[in-house]
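To start, the structure under review is shown below, and the notes come after it.
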Amino acid sequence: VSLLILGFIAAMVRITVPYALAALGGTISERAGVVQLCLEGLILTGAFAAVVGADVTHSGALGIAIGALAGALLALAYAIVVLVWSADQIVAGVAINLFADGLTRYLLKIRYDSASNSPRIDALARLGSHGDLAAVLLHPLVLGTLGAALAVSLLLRQTAFGLRVRAVGEHPEAAQTVGIDPRRVRFFAVTLAGLLAGTGGAYLAAEQGQFVAAMSAGRGYIALAAMIFGRWRPLAALLACVLFGATEALELRLQGGLLPGWLVQMLPYALTLLVLSGIGGRGTGARASGGPPAALGKAL
Amino acid sequence: LSARLQRVLATAIALLAALLLTSVLIRLSGRDPAHIYALLLRGTWANPYGVGQVLFKATPLLFTGLSVWLALRAGLFNVGAEGQITVGAFACAMCAAALPRWLPGPIAVPLCLLAALAGGAIVGAVPGWLKARRGAHEVITTIMINFVVRAAMVGIGALVFERESVHTRAIAPAAALARLSRFLPALRGSAVNLALPLALAVVGATAWALRRTRLGFHLRAVGAQPRVAAAVGVDVGRMALVAMTVSGALAGLGGANFVLGYKGYYEDGFSGGVGFVGIAVAVLGGTGPLTLVGAALLFGTLAQGALAVNAACPKEIIDVLQAVIIIAAAAASRVGARASTPASAAAAPTSNDRGAT
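Heads up: the protein sequence lines correspond to chains A and B, in order.
The first sequence begins at 1 in the working numbering and counts up one residue at a time.
The second sequence begins at 301 in the working numbering and counts up one residue at a time.
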């Protein structure tokens, strides 16, 4: 029985990591006032770049770094579109996801001549968090995720940069009058979000040892749900990811014995809807009462 | 007029930029972009069958595009057209399969269309209600509802799908919408059907109602100036509920194209993302109904053209082109309308000043 529980915890952690990294990225971006609907595309891009990167360099670690950078690069493109050209953030976010899905499929065919998946890349697969619970928990990216959550929380609450991020997310005009450049802060926050979500995608690719078309499989939206569920607070978002990861791990372990799979898949979204509809506190209204940042989505 | 001209110019430049960027990608993979685009045109507008298929692919986009477009006019961003057309199509198929075989078409078809409307309306009403009464931002709730619908359809599908398949029972023959090739033999083989004239009529009627009726005026007022509208006594919350319900109904009706006009059943994954492309149609379509139809035709062309280029170049390049067009159009739509478009108001998930009050 204890073996079962250890296996369950390991599975939960492995499911949680990509959610958590993406949700943390989303939290930074949205706290700076930029809507972050492209987490899904960032994860997908990170996963693909990690696979190609590891394939080309024969190094899993370099592959993961390339995956993270690719996420940052796509996020930077999104930032240019919405912050320089003032495109609507929701439209641009949806489009970036379509772009990432199309581009990774296109390049998958060009490079690996396959519509469904890349071959297994051993250099990257070796870096997946395999083995017993201790090995999973001590995996650098698992520890890194925990560290990232603490770091983002500290960053937002305790540092001068965090204060700027929050100021720009709540009232960019006021921030500007005290000498903060809202656009620069937002650029940095969005790119950081891409770096984190890209790392999440790279971890996912390492776990599976290869790239599979559309392998993000809605994880970016679960991360989005977790971010709202945690009311735009990094540690609460992490806990929400753990909750969603735990239900999925439970479903995997029980093979649908307890709850049908579709119900488990629905859970993160249904719970978030309940939060938004005001059950157990509201995810709406002013920031102080748990609502979104006041300037979220507003063009400068 | 000059702002309008600026916008048209900006959109044209955006489309060209999108083509250029995609050309670079095609070139980088060692192929000739001009050849790819020629294939795209040859497979679509160069022959009657291609035209028919473009129109068939544009039909659901007219509905989902109109759905998103209408909500935008009321200052709301409906990202939920995907879930709405899914439930609309499913309701339509269940209704059409349950109808007695002796029922004549003129009764059966409207009943099924009503079911599609109702299915979409229910899915649209939920975020409308959450917006009106709870102040929950419709972008987030519609995204969440898309996934709730997707998961629910897995559960429901397991109960009602035909054995060993992912589709529902066949519809009653009388409920089918006739192919246009019956009236225009040149279109033979293409799936374009009576849902297309229906779509055009619905686009026209919606645009007319928005301009000429009291409700339409209120919706536009809420979209353009929510505070002013509230100050003169328009119930902003109620308008959000109405706009989202109608928007959902319009998307739901789009399900009829596939169910009644093409396959004769609801099938898992039938939509192919038309709910999301509908957002692109609405954004590129701007403010008028004619440009909306034009945008639907453009994306219909791309959808059909993707199949035509696939032999020479992975068809996913068309998905990339589509995404780049959306981004470019979104950037261009801010030209000449920097201050306050409905889209910019909708992009601000602060429920404080709208709906909740």
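Glycine included, each C-beta is placed from N, C-alpha and C at the ideal position.
N- and C-terminal bounds of the alpha helix (DSSP H) containing residue i
i          : result
Ser-323(B) : 302-328
Cys-38(A)  : From DSSP, Cys-38(A) is part of no alpha helix (DSSP H); its letter is neither H nor E.
Cys-392(B) : 381-398
Trp-232(A) : First-last for Trp-232(A): undefined, no H or E at that position.
Ser-216(A) : Run containing Ser-216(A): none; DSSP gives neither H nor E here.
Tyr-565(B) : Counting along the chain, Tyr-565(B) falls outside any alpha helix (DSSP H), and DSSP gives it neither H nor E.
Gln-210(A) : Run containing Gln-210(A): none; DSSP gives neither H nor E here.
Ser-490(B) : Here Ser-490(B) belongs to no alpha helix (DSSP H), and DSSP marks it neither H nor E.
His-335(B) : 333-342
Glu-170(A) : 160-170
Glu-457(B) : The question names Glu, but residue 457(B) in the sequence shown is Gly. That run of the alpha helix (DSSP H) goes 438-460.
Gly-552(B) : 536-553
Cys-613(B) : Taken as a continuous stretch (DSSP letters only), Cys-613(B) belongs to no alpha helix (DSSP H), as it is neither H nor E.
Leu-413(B) : 405-434
Thr-359(B) : 348-373
Thr-16(A)  : 2-31
Arg-126(A) : Premise fails: Arg-126(A) is in no alpha helix (DSSP H) and is neither H nor E.
Ile-180(A) : Run containing Ile-180(A): none; DSSP gives neither H nor E here.
Under 7 Å between C-beta atoms of residue i and residue j
i          : j          : result
Leu-24(A)  : Val-152(A) : yes
Gly-147(A) : Leu-155(A) : no
Val-449(B) : Val-387(B) : yes
Gly-575(B) : Glu-382(B) : yes
Ala-630(B) : Val-559(B) : no
Ala-606(B) : Gly-420(B) : no
Ala-543(B) : Leu-519(B) : yes
Ser-389(B) : Ile-625(B) : One detail in the question is off: residue 389(B) reads as Ala in this sequence, not Ser. No, the pair does not count as a contact, with Cβ atoms beyond the cut-off.
Chain-order list of residues whose beta-carbon lies under 7 Å from that of residue i (same chain, five-residue window excluded)
i          : result
Ala-193(A) : Gly-25, Gly-26, Ile-28, Ser-29, Gln-36 and Ala-75
Arg-401(B) : Ala-472
Val-94(A)  : Leu-37
Ala-596(B) : Ala-358, Leu-361, Leu-362, Gly-365 and Val-581
Ile-9(A)   : Leu-133
Pro-293(A) : Glu-30, Arg-31, Gly-33, Gly-169, Glu-170, Trp-232 and Arg-287
Ile-180(A) : Arg-164, Ala-167 and Val-168
Leu-484(B) : none
Ala-68(A)  : Gly-46, Leu-195, Gly-198, Thr-199 and Ala-202
Ser-323(B) : Pro-333
Close Cβ partners of residue i (< 6 Å) along its chain, the five nearest in sequence each way excluded
i          : result
Leu-127(A) : Gly-60 and Ala-206
Leu-309(B) : none
Thr-104(A) : Leu-44 and Phe-48
Ala-530(B) : Val-536
Ser-116(A) : Ala-213
Pro-589(B) : Val-503 and Ala-507
Met-12(A)  : Gly-245, Ala-246 and Ala-249
Leu-6(A)   : Leu-133
Ser-302(B) : none
Asn-557(B) : Thr-359, Pro-360 and Ala-495
Chain A residues whose Cβ lies nearer than 7 Å to that of residue i
i          : result
Phe-377(B) : Ile-90
Met-444(B) : Ala-225, Tyr-269, Thr-272 and Leu-273
Ala-329(B) : Inspection of the sequence shows that residue 329(B) is occupied by Ser rather than by Ala. Within 7 Å Cβ-Cβ: Ile-110.
Val-439(B) : Ile-90
Per-residue contacts from residue i into chain B (C-beta, under 8 Å)
i          : result
Arg-105(A) : Pro-614, Glu-616 and Asp-619
Leu-263(A) : Ala-451 and Gly-455
Val-81(A)  : Ile-627, Ala-630 and Ala-631
Interface partners of residue i on chain A, CB under 9 Å
i          : result
Leu-579(B) : Per the sequence shown, the amino acid found at residue 579(B) is Ile instead of Leu. Here the neighbours are Ile-90, Val-91, Val-94 and Ala-95.
Val-448(B) : Met-266, Tyr-269, Ala-270 and Leu-273
Leu-688(B) : For chain B, the structure presents residues 301 to 657; residue 688(B) sits outside this window and is missing.
Beta-carbon neighbours of residue i, restricted to chain B and to distances below 9 Å
i         : result
Phe-99(A) : Asp-619, Val-620, Gln-622, Ala-623, Val-624, Ile-626 and Ile-627
Where residue i meets chain B, residues with beta-carbon distance less than 7 Å
i          : result
Ser-86(A)  : Arg-634
Ile-28(A)  : Going along chain B, no residue has its Cβ under 7 Å from Ile-28(A), so there is no contact; the nearest lies around 17 Å.
Pro-260(A) : Gly-455
Tyr-221(A) : Ile-443 and Phe-447
Leu-228(A) : Correcting the residue identity first, residue 228(A) is Ile in this sequence and not Leu. Simply Ile-440.
Contacts of residue i in chain A (Cβ-Cβ under 8 Å)
i          : result
Phe-576(B) : Val-94 and Leu-98
Val-466(B) : None at all; the shortest Cβ gap to chain A is about 14 Å.
Ala-583(B) : Rather than Ala, the amino acid found at residue 583(B) in this sequence is Val. Going along chain A in sequence order, the residues near Val-583(B) (Cβ under 8 Å) are Asp-88 and Val-91.
Leu-430(B) : Leu-273, Leu-276 and Ser-277
8 Å Cβ shell around residue i - same chain, five flanking residues per side excluded
i          : result
Asp-332(B) : Ile-326
Minimum Cβ-Cβ distance from residue i to chain D less than 7 Å
i          : result
Gly-128(A) : Structure shown: chain D not included; protein chains present are A and B.
>> Tell me whether the segment 364-375 of chain B and the segment 395-405 of chain B touch, counting them as touching only if at least three CB pairs, one residue from each stretch, are closer than 8 Å.
In response: Of all C-beta pairs linking the segment 364-375 of chain B to the segment 395-405 of chain B, fewer than three are shorter than 8 Å, placing the two stretches out of contact.
>> When you compare the segment 340-355 of chain B with the segment 473-491 of chain B, are there three or more beta-carbon pairs, one atom per stretch, that lie closer than 8 Å?
In response: In short, these stretches touch, since the Cβ pair count reaches three.
>> For the structure I just gave you, are there three or more beta carbon pairs, one from the segment 561-568 of chain B and one from the segment 428-447 of chain B, closer than 8 Å?
In response: At 8 Å Cβ cutoff, the stretches do not touch.
> Is it true that the segment 39-54 of chain A meets the segment 73-90 of chain A, where meeting means three or more beta-carbon pairs spaced less than 8 Å apart?
Replying inline: Yes, since at least three Cβ pairs between the segment 39-54 of chain A and the segment 73-90 of chain A fall closer than 8 Å, the two stretches touch.
>> Under 8 Å, with one C-beta from each stretch per pair, do the segment 452-462 of chain B and the segment 404-416 of chain B reach the 3-pair mark?
In response: By the Cβ test, the segment 452-462 of chain B is not in contact with the segment 404-416 of chain B, since fewer than three Cβ pairs between them sit closer than 8 Å.
>> Within 8 Å, do at least three Cβ pairs link the segment 607-614 of chain B to the segment 80-98 of chain A?
In response: No, the segment 80-98 of chain A is not in contact with the segment 607-614 of chain B.
>> Quick check: the segment 593-609 of chain B against the segment 533-549 of chain B, are at least 3 beta-carbon pairs closer than 8 Å?
In response: No, the segment 533-549 of chain B is not in contact with the segment 593-609 of chain B.
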